[in-house]
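Numbering (the UniProt record's numbering), first residue to last: 1 to 354.
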């Protein structure tokens with residue numbers, strides 16, 4: 001009997017202290033940097049031992065794939081973890097509350113800025129759209145958020161910075177935000193609320209309060225780990241597919257051919273890249289290895305980034321999802337305004353980086 005009592009009186013095991021969580025996190029990040037620094041020599045060592053002829057197309061493609069796969073996945077993991085911690089300060093309710101009642105202009109700027117750090121993508125379009133409308137967020141402000149969230153997100157910026165440099169990443173940030181802000185403002189000025197589906201217009205606005213935010217350091221670290229498990233776990237196959245496509249381009253597509261199709265001298269390449277990107281579906285992490293390979297082969301920067309923006313911000317799957325809340329006329333206006341902004345960015349990038 002006493003043994004049974006002693007068992008029932010045992011206390012549940014205590015969780016590790018915040019200090020222990022912080023120490024393990026710091027150690028893991030330090031290990032990340034050590035491993036990342038060895039990727040280049042390890043990939044060269046591994047490729048040298050494969051039964052492929054050095055300098056051949058196959059060797060170039062294999063070398064690209066072996067080096068970029070762990071590099072991009074490791075970069076993605078670190079960026080997603082860091083932004084998962086940042087995102088723990090936000091929620092759908094908090095974002096709605098911050099945007100509710102915002103007028104156009106400043107509201108478009110605030111919405112586009114929030115789109116960079118909030119955890120939403122095109123797959124969240126319908127519930128977010130309805131939630132924003134119910135919170136009283138103006139239509140144009142809502143569109144600024146929905147454009148910026150997938151297109152100018154922290155993953156795209158982090159990978160661009162790591163793979164093609166801070167100048168490109170910073171310029172992409174500036175022009176991506178400009179597209180989101182201006183496109184949302186233009187749509188708001190057109191007063192197209194009547195082109196929403198009836199059931200969306202009839203959603204009753206409710207007061208929105210900021211929820212309490214009492215998360216601890218451990219909670220935020222867990223949020224970062226959960227973001228890694230959720231995001232990286234869902235997109236790693238797409239990333240590998242994108243790297244494989246990039247490896248093929250890097251190894252087999254002649255530089256002269258690609259430069260003639262997507263080079264600065266072909267004025268039509270920017271609109272062609274936008275049209276090519278719309279029916280495709282990918283996320284920033286999946287398309288950036290393709291961007292890296294295209295740039296290495298001599299494709300024009302503006303043309304490549306216009307293609308990337310179109311894939312992320314104007315994908316056909318997102319348009320199909322948005323059809324549940326928008327009329328076809330409003331979707332056409334949305335595509336036209338955003339595509340015009342992307343075209344402007346593409347031509348401007350080609351001029352600036354000539």
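Just so you know, even glycine gets a beta-carbon here, dropped at the ideal spot from N, CA and C.
1) Which one of 115, 191 and 186 has the shortest CA to CA distance from residue 157?
2) What three-state label does DSSP hand residue 314 in the structure shown?
3) Grab the span of the alpha helix (DSSP H) containing residue 216 for me, first residue to last.
4) Does the beta-carbon distance from residue 141 to residue 107 come in below 8 Å?
5) Our contact map puts residue 162 next to residue 75 with C-beta atoms below 8 Å; I'd like the distance itself, whole angstroms only.
6) Buried or exposed for residue 67, please, with buried defined as at least 16 other CB atoms from any protein chain shown within 10 angstroms of its CB.
7) For residue 196, which three-state DSSP category applies?
8) What whole-angstrom Cβ distance do residue 188 and residue 225 have, given they're in contact under 8 Å?
9) Residue 335 by DSSP, collapsed to three states: which one?
10) Run through DSSP, which three-state label would residue 326 get?
11) Counting C-beta neighbours from all protein chains within 10 Å, is the total for residue 352 16 or more, i.e. buried, or is it exposed?
12) Is the number of C-beta pairs between the region 237 to 249 and the region 22 to 36 that are closer than 8 Å three or more?
13) Alpha carbon to alpha carbon, what distance is there between residue 137 and residue 209?
14) Taking 7 Å as the line, does the beta carbon of residue 316 fall inside it for any heavy atom of the ligand FAD?
15) Rounded to the nearest angstrom, how far is the Cβ of residue 306 from that of residue 332, given a contact under 8 Å?
16) Does DSSP classify residue 88 as helix, strand or coil?
17) On the three-state DSSP scale, how would you describe residue 278?
18) Let me confirm a value: residue 29 is counted as buried when at least 16 other C-beta atoms fall within 10 Å, else exposed. Which label applies?
19) Can you tell me the Cβ-Cβ gap for residue 293 and residue 246, rounded? I've got them flagged as a contact below 8 Å.
20) Does the separation of the CB atoms of residue 111 and residue 145 fall below 8 Å?
21) Considering Cα atoms alone, identify which of 72, 267, 21 and 25 is closest to residue 343.
22) When you compare only the Cα positions, how much space is there between residue 218 and residue 151?
23) Tell me the DSSP secondary structure of residue 44 in three-state form.
24) Mind checking residue 53: buried by the 16 CB within 10 Å criterion, or exposed?
25) Considering just the uninterrupted stretch of the alpha helix (DSSP H) at residue 297, what are its terminal residues?
26) For the alpha helix (DSSP H) containing residue 176, name the first residue and the last one.
27) Spatial neighbours of residue 160 within its chain, please: CB distance less than 7 Å, with the 5 preceding and 5 following residues excluded, ordered by chain position.
Checking against the coordinates, here is how it stands:
1) 115
2) In the displayed model, residue 314 falls within coil according to three-state DSSP, outside both helix and strand.
3) Careful: residue 216 lies outside any alpha helix (DSSP H) and carries neither H nor E.
4) Judged by their CB atoms, residue 141 and residue 107 are nearer to each other than the 8 Å cut-off.
5) Yes, residue 162 and residue 75 are in contact; Cβ-Cβ is about 5 Å, under 8 Å.
6) buried
7) strand
8) Going by Cβ atoms, the distance from residue 188 to residue 225 rounds to 38 Å, so no, they are not a contact pair.
9) helix
10) For residue 326, the secondary structure class from DSSP, reduced to helix, strand or coil, is strand.
11) exposed
12) no
13) For residue 209, the predicted structure reports a pLDDT of 49, less than 50, and the residue's modelled location is therefore unreliable. The matter cannot be settled from this model.
14) Questions concerning the ligand FAD fall outside what the structure shown contains, since it holds no ligand whatsoever.
15) Wrong, their Cβ atoms sit about 20 Å apart, outside the cutoff.
16) In this structure, DSSP gives residue 88 a state outside helix and strand, which the three-state scheme calls coil.
17) coil
18) In this structure residue 29 is exposed. Its beta-carbon is surrounded by fewer than 16 other beta-carbon atoms within 10 angstroms.
19) 4 Å
20) yes
21) Of the candidates 72, 267, 21 and 25, 267 places its Cα closest to the Cα of residue 343.
22) 30 Å
23) helix
24) exposed
25) Per DSSP, residue 297 belongs to no alpha helix (DSSP H) and is neither H nor E.
26) 166 to 189
27) 168, 169, 172 and 288
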